[in-house]
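What follows is a short report on a single structure.
Numbering (UniProt numbering), first residue to last: 1 to 443.
Here it is as structure tokens:
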């Protein structure tokens, strides 16, 4: 056990066992062993009562130490006890995109840069006007109108609006505003990997929502809500990583389940925008007290803008505005103006149509190639194709050696079957059969 080992080391150095006297010291001791590899992913920690007796601390002190470690993502619940996290919190280096000679990178959920509007041209022509100062309105109202119009076009419910710094940022703000350490959050399984990292990093417990080709399974949603989930995160269109869109009938069934839990926060992640043709089958009843729809412009205007729109209930918007006012988290007016000008490009509508057509054609070509080579996949839309694969890590390794980099389900799955996520945004149609054959050969 972690602290028994610490005591043995202390004795070897002539030190007193009582050197561990606080929750922070105990947490630091266990953290050091995890970082040094003496405690490995999956290793069980000593039960609180037993550990308290071993080191002569109060049980509450030991519990506080474990909470600190859980908040850091280093340990996680395992039954009634704790264990070293199977998937430790990653650092920013692991998000960096790397290139390898001769390897086609299909692992990042990026748009094709050749299909994005020309921000450089807009910047050269853009007039910033008078400098914005402290106390100026936080949101560009014209940009708000563009997001509200998109929200209406996609048939999401209407609500109040603020400009935000992309969907992942708002997800974290909502988690912090609505949930406390140890609370439960229902998320899709497989899920958006950054959301899973956020949930764990904030000391929350993710509850898996099982999915099929029509979206979240209603009974799974009911089970997780009855298990105590205080928030539900959903992707109605082009779910990442599966590409699934929630159907009309499934959305109705899921709304009926949510109606039984009126105080739960419901958050919908809208990242596809105009890049797919289907409308949103939202789970949100606008009469709910706590809900939000997160619009990201990253996929169709460019990831580096870091600008999005959040449409939400009055109570939820109120909390977000209060947090923004306290933390100085308003979005740069210059970036808001640039995003607004991109929305107003004369050629944007035709660009969106041609981009959506190109992505759909690439996806169809890859799906056909998978079918031709008898490789199973989930039907869907958007930039990602999900391929169920029980031995995904082994398969991904062999694909990499043949010049293809993809992501494995270990980054997305809680309890669902493992798989591969292939991002098709830059997949050339002429190479689809080569990739499908490589997958088939090593499946």
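We put the CB at the ideal spot given by N, CA and C, even for glycine.
### Message
Tell me the DSSP secondary structure of residue 421 in three-state form.
### Response
Position 421 of the chain shown, counted from the first residue, corresponds to residue 421. Note: residue 421 maps to strand in three-state DSSP.
### Task
Please classify residue 287: is it buried, with 16 or more other beta-carbons within 10 angstroms of its beta-carbon, or exposed?
The residue you call residue 287 lines up with position 287 of the chain shown. Exposed, because fewer than 16 other Cβ atoms sit within 10 Å of the Cβ of residue 287.
### Query
Can you find at least 3 beta carbon pairs, one from the region 255-274 and one from the region 233-240, that sit closer than 8 Å?
Yes, the region 255-274 touches the region 233-240.
### Task
Name the two residues that bound the continuous alpha helix (DSSP H) containing residue 193.
Start at 1 with the first residue of the chain shown, and residue 193 comes out as number 193. From DSSP, the alpha helix (DSSP H) with residue 193 extends over 193-201.
### Message
Give the list of continuous beta strand (DSSP E) stretches no shorter than 3 residues that lie fully inside the region 269-314.
### Response
Positions of the beta strand (DSSP E) runs, each at least 3 residues long and wholly inside the region 269-314, are given as 291-296 and 308-312 in order along the chain.
### Query
According to DSSP, is residue 384 helix, strand or coil?
Against the chain shown, residue 384 aligns to sequence position 384. Residue state, collapsed to three classes: strand.
#### Entry: Coarse secondary structure for residue 457, derived from DSSP in three states
This structure cannot settle anything about residue 457, because the visible part of the chain is limited to 1 through 443.
### Message
My assumption, with CB atoms under 8 Å, is that residue 476 sits in contact with residue 160. Please give the rounded CB distance.
### Response
Since the first residue shown for the chain is 1 and the last is 443, residue 476 is missing from the structure and cannot be characterised.
### Task
Below 6 Å CB to CB, which residues in the same chain sit around residue 413 once its five sequence neighbours on both sides are set aside?
Looking up residue 413 in the chain shown gives position 413. Closer than 6 Å at the Cβ level, and outside the excluded window around residue 413, lie 190.
#### Entry: Same chain, Cβ closer than 7 Å to residue 334, five either side skipped, listed in chain order
As a first step, residue 334 must be located in the chain shown, where it is residue number 334. For residue 334, same chain residues with a beta-carbon under 7 Å away, outside a window of 5 residues either side, are 128 in chain order.
### Delimiting residues of the beta strand (DSSP E) encompassing residue 83
By 1-based counting over the chain shown, the position of residue 83 is 83. 81-84 is the extent of the beta strand (DSSP E) around residue 83.
### residue 392 in three-state terms, based on DSSP
Counting from one through the chain shown, the residue named residue 392 turns up at place 392. Correct three-state label for residue 392: helix.
#### Entry: From 365, 406, 149 and 424, residue whose alpha carbon lies closest to that of residue 392
Your numbering for residue 392 matches position 392 in the chain shown. Of the candidates 365, 406, 149 and 424, the one whose C-alpha sits nearest the C-alpha of residue 392 is 406.
### Task
Give me the Cα-Cα distance between residue 206 and residue 171, rounded to the nearest whole angstrom.
Looking up residue 206 in the chain shown gives position 206. Looking up residue 171 in the chain shown gives position 171. Whole-angstrom Cα-Cα distance: 14 Å.
### Task
Please state whether DSSP places residue 227 in a helix, a strand or coil.
To locate residue 227, count along the chain shown from 1; it is residue 227. DSSP places residue 227 outside both helix and strand once states are collapsed to three, so it counts as coil.
### Beta-carbon contacts of residue 47 that lie in its chain and below 6 Å, excluding the five residues immediately before and after
The residue labelled residue 47 in the question sits at position 47 within the chain shown. Excluding residues within five positions, the ones whose Cβ falls inside 6 Å are 81.
### Message
Can you tell me whether residue 246 is buried or exposed? The criterion is at least 16 other CB atoms within 10 Å of its CB, across all chains shown.
### Response
Translated into the one-based positions of the chain shown, residue 246 becomes position 246. By the beta-carbon neighbour count (other beta carbons within 10 angstroms, threshold 16), residue 246 is buried.
### Task
From the DSSP output, in three-state form, read off residue 190 for me.
Against the chain shown, residue 190 aligns to sequence position 190. Here residue 190 sits in coil by DSSP.
### Query
From residue 433 to residue 365, what distance separates their C-alpha atoms?
The residue you call residue 433 lines up with position 433 of the chain shown. The residue you call residue 365 lines up with position 365 of the chain shown. In a straight line, the C-alpha of residue 433 is about 9 Å away from that of residue 365.
### Query
Are residue 184 and residue 138 close, meaning C-beta to C-beta below 8 Å?
Locating residue 184 in the chain shown gives position 184, counting from the first residue. Locating residue 138 in the chain shown gives position 138, counting from the first residue. Contact flag unset, no.
### Message
Using a Cβ-Cβ cutoff of less than 6 Å, which residues in the same chain neighbour residue 280 once the five nearest sequence positions on both sides are dropped?
### Response
Within the chain shown, numbered from 1, the residue matching residue 280 stands at position 280. Correct list, in chain order: 154, 155, 156, 236 and 237.
### Query
At what residues does the alpha helix (DSSP H) containing residue 367 begin and finish?
One-based indexing of the chain shown puts residue 367 at position 367. That run of the alpha helix (DSSP H) goes 348-372.
### Task
Please name the residue in 26, 61 and 85 whose C-alpha comes closest to that of residue 41.
To locate residue 41, count along the chain shown from 1; it is residue 41. Nearest C-alpha to residue 41 among 26, 61 and 85: 85.
### Query
Measuring CA to CA, which of 254, 404, 348 and 402 is closest to residue 300?
Position 300 of the chain shown, counting from 1, holds the residue named residue 300. Looking at the Cα atoms, 348 is the closest of the given residues.
### Message
Quick check on this structure: which residue in 192, 381 and 174 has the alpha carbon closest to the alpha carbon of residue 451?
### Response
The structure shown does not extend to residue 451, since the chain is modelled only from 1 through 443, so no value can be given for it.
#### Entry: Under 8 Å between C-beta atoms of residue 339 and residue 307
In the chain shown, residue 339 corresponds to position 339, counting from 1. In the chain shown, residue 307 corresponds to position 307, counting from 1. Contact annotation: residue 339 and residue 307 have beta-carbon atoms nearer than 8 Å.
### Query
How many Å lie between residue 126 and residue 341 at the Cα?
Against the chain shown, residue 126 aligns to sequence position 126. Against the chain shown, residue 341 aligns to sequence position 341. Distance from the CA atom of residue 126 to the CA atom of residue 341, rounded to whole angstroms, is 8 Å.
#### Entry: Span separating the alpha-carbon of residue 437 from that of residue 143
Along the chain shown, read from residue 1 onward, the residue named residue 437 stands at position 437. Along the chain shown, read from residue 1 onward, the residue named residue 143 stands at position 143. Whole-angstrom Cα-Cα distance: 45 Å.
### Query
DSSP three-state call for residue 265: helix, strand or coil?
To locate residue 265, count along the chain shown from 1; it is residue 265. Residue state for residue 265 is assigned as strand, using DSSP reduced to three classes.
### Task
Mind reading off the beta-carbon distance from residue 64 to residue 23? Whole number of angstroms is fine, and I expect it under 8 Å.
Taking the first residue of the chain shown as 1, we reach residue 64 at position 64. Taking the first residue of the chain shown as 1, we reach residue 23 at position 23. With a Cβ gap of about 4 Å, residue 64 and residue 23 count as contacting.
### Query
Nearest to residue 402 by alpha carbon, out of 346, 101 and 34?
Reading the chain shown from its first residue, position 402 is the one you call residue 402. Minimum Cα distance to residue 402 is reached at 101.
### Task
Please find out if some non-hydrogen atom of the ligand ZN comes closer than 7 Å to the beta-carbon of residue 181.
For the structure depicted, the ligand ZN is absent and the ligand set is empty, with no information on it obtainable.
### Query
Can you tell me the Cα-Cα spacing of residue 297 and residue 60, whole angstroms?
For the purposes of this step, residue 297 is identified with residue 297 of the chain shown, where counting begins at 1. For the purposes of this step, residue 60 is identified with residue 60 of the chain shown, where counting begins at 1. Residue 297 and residue 60: Cα-Cα distance of roughly 46 Å.
### Task
Buried or exposed for residue 8, please, with buried defined as at least 16 other CB atoms from any protein chain shown within 10 angstroms of its CB.
The residue labelled residue 8 in the question sits at position 8 within the chain shown. Unreliable placement is indicated for residue 8, whose pLDDT of 48 sits below 50; the coordinate value is still reported in the next sentence. Under this definition residue 8 is an exposed residue.
### Query
Looking at the structure shown, is residue 439 part of a helix, part of a strand, or coil, going by DSSP?
Start at 1 with the first residue of the chain shown, and residue 439 comes out as number 439. Residue 439 falls in the helix class under three-state DSSP.
### Query
How many angstroms separate the CA atom of residue 354 from the CA atom of residue 345?
In the chain shown, residue 354 corresponds to position 354, counting from 1. In the chain shown, residue 345 corresponds to position 345, counting from 1. Distance between the alpha carbons of residue 354 and residue 345: 15 Å.
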